[in-house]
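If you read the sequence shown in my numbering, its first letter stands for residue -6, the second for the next number, and so on. Each residue gets a CB set at the ideal place from its N, CA and C atoms; glycine is no exception. This one's a predicted model, so the numbers in the text were calculated from it and none came from an experiment. As C-alpha cells, the structure follows; a few thoughts come after it.
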Amino acid sequence: MIKSVLNNILSGKAIEFEEAKELLDTGREELYLLMHAADTIRRRSCGNKIDLCSLINAKSGFCSEDCKFCAQSSHYKTDCKVYPFIGVERIVKKAKKAKGWGADNFCIVISGTGPTEEEFDKIKKAIERINKEVGIKVDCSLGSLRIGMVKALKELRVERYNHNLEASEDFYKSVCTTHSYNGRVSMVGMLKDVGLNPCCGGIIGMGETPEQRIRLAFSLKRLNVKCVPVNILNPRKGTPLQDIETLSPFDIIKTIAVFRLILPGAIIKIAGGREYTLRDLQAMVFMAGANGMIIGGYLTTKGRSVEQDLQMLRDLGFEL
Ligand code: SF4
C-alpha cells in the first residue's frame, strides 16, 4: 500500500483520506518504508532546502482565551513568564540574532486575540526597521486582525502570517471554547484574499484520535496552505493538559510522514515540543518528510542550542 500511494502521488494523484488513516497505523516493521515514501515526496516536491524560522514572543501571557494547551492563558496558573509588549528595540535586536543564526524568517509573535492599535503601530515600526537594518524576511503571529491591519502588513512586505487551526474541526472545541474554529478559518481566508501567505498548522498529541490528526491535515490541504507548522504537545504544568501522555516518537514520525503524503508541496515545519517529545530521535522526522524547523527557542520554552540543530541538519544533508 505504501508503494502504491507513493506511485500515485508521484504521478499526480492525491492520497485518499482512508489511505492516510491506514498509513498512520503502519507497524514498526514498515516504518522505514513509510519514511522512505515521505522522504521521496519531500525531495521531489520541495528539494533539499530546509526552511528555518526563529521567533520572538513580544508579549507574553495576559491572554483572555482558554486554549487548554497554552501556558499563556490567564485561565490557568502556570510558571510562564508574563510581560507586556517589549518594544521595538528588543524586537530588532532579536531579528539581528536570528539573521546571524542563519534563519530564513523571523516571526514576531504576541499573546492574545489581537494587538491594540498602539502595539500594532510599534510592530509596524519594528518591521520597518528590520527591513532596513537587518534584511531578514519577517513573519507575524498577532492573533485575529482587521483587514486594514492585514493590508498594512502586506505593504510592509511581511512574508507570512501565522494563524494555526490548532486541531481538526471536530476536536477543536475540546481544546478551546472562547474563540471559534470558523473564526480561524475565516482569518486564513482573509490573509489569502489580501495576498499574505498563511502559515497555518496545529498541535498534535492533545488527546485527539489518529483520525482527527489526519482530518487536520486534510483541512490544511483544503485551505491550500503552503507552510504548515506542526507543534507536538509539551504538556505545561498548570494547564488542563498537564497530565496528558505525550505521543511516542514513532507516532510523531508516522504523523509527519503521513502529513507529507497529504501535503506534498508544503513546508512542513517542526515547531514546539520537538526536543521534549522526540528526544534522541529528532533527526528522524527530517528523514520522514519534514523540511522546516524553528530554531533558537519557542514562545514559552527553550529549545536546544542553534549550533546543535544546524549540525544535525548538515549531517542529514540539508541545504541551509
Ligand atoms: S494560544 Fe494564543 S489565544 Fe490561545 S491562550 Fe495562548 S496566547 Fe491566548
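In this structure, the C-beta of Gly105 approaches ligand 1 to less than 8 Å from one of its heavy atoms. Distances taken from the Cβ of Phe243 to the heavy atoms of ligand 1 include none shorter than 8 Å.
Using a C-beta cut-off of 8 Å, the stretch 129 to 141 makes contact with the stretch 107 to 115, since at least three inter-stretch Cβ pairs fall below that distance. Around the beta carbon of Gln65, 16 or more other beta carbons lie within 10 angstroms, which makes this residue buried.
For the pair Val85 and Arg36, the CB atoms are not nearer than the 9 Å cut-off. Taking 8 Å as the cut-off, the C-beta of Glu112 does not count as close to any heavy atom of ligand 1.
According to the DSSP secondary-structure assignment, Pro191 is paired through a beta bridge with Tyr154. Taking all protein chains shown into account, Gly80 has fewer than 16 neighbouring C-beta atoms within 10 Å of its C-beta and is therefore exposed. The beta-carbon separation of Lys185 and Asp44, rounded to 19 Å, does not stay under the 8 Å limit for a contact. Not one heavy atom of ligand 1 lies closer than 8 Å to the C-beta of Phe10. Note that the C-beta distance between Lys14 and Ile207 is below 9 Å.
For Pro233, the three-state secondary structure derived from DSSP is coil.
The alpha-carbon of Arg83 is positioned some 35 Å away from that of Ile237. The C-alpha of Cys56 lies about 39 Å from the C-alpha of Gly40. For Cys39, DSSP records no beta bridge to any residue. Around the beta carbon of Lys6, a 10 Å sphere encloses fewer than 16 other beta carbons of the protein chains shown; the residue is thus reported as exposed.
For Asp59, the shortest C-beta to heavy atom distance toward ligand 1 is below 8 Å.
Here the C-alpha atom of Gly282 lies approximately 14 Å from the C-alpha atom of Phe243. Annotation: the stretch 230 to 311 contains the following complete segments of the alpha helix (DSSP H) (minimum length 4 residues), in chain order: 242 to 255, 267 to 271, 275 to 279, 299 to 308. Looking at the backbone, the Cα of Asp132 and that of Asn98 are separated by about 7 Å. With 16 or more other Cβ atoms inside 10 Å of its own Cβ, Ser104 counts as buried.
The Cβ neighbour count for Lys247, taken over all protein chains shown within 10 Å, is at least 16; the residue is labelled buried. Not one heavy atom of ligand 1 falls within 8 Å of the beta-carbon of His29. Positions of the beta strand (DSSP E) runs, each at least 3 residues long and wholly inside the stretch 90 to 148, are given as 98 to 103, 130 to 134 in order along the chain. The DSSP assignment places complete beta strand (DSSP E) segments of no fewer than 3 residues inside the stretch 41 to 65 at 44 to 52, in order along the chain. Just measuring C-alpha positions, the residue of Thr232, Asn217, Asn227 sitting nearest Cys169 is Thr232. Excluding residues up to 5 positions away in sequence, Val143, Lys144, Lys147 lie with their Cβ nearer than 6 Å to the Cβ of Val187 in the same chain. Val75 sits away from Leu254, with the two beta carbons spaced by 9 Å or more. The DSSP-derived three-state label of Pro228 is coil. At least one heavy atom of ligand 1 lies less than 8 Å from the C-beta of His172.
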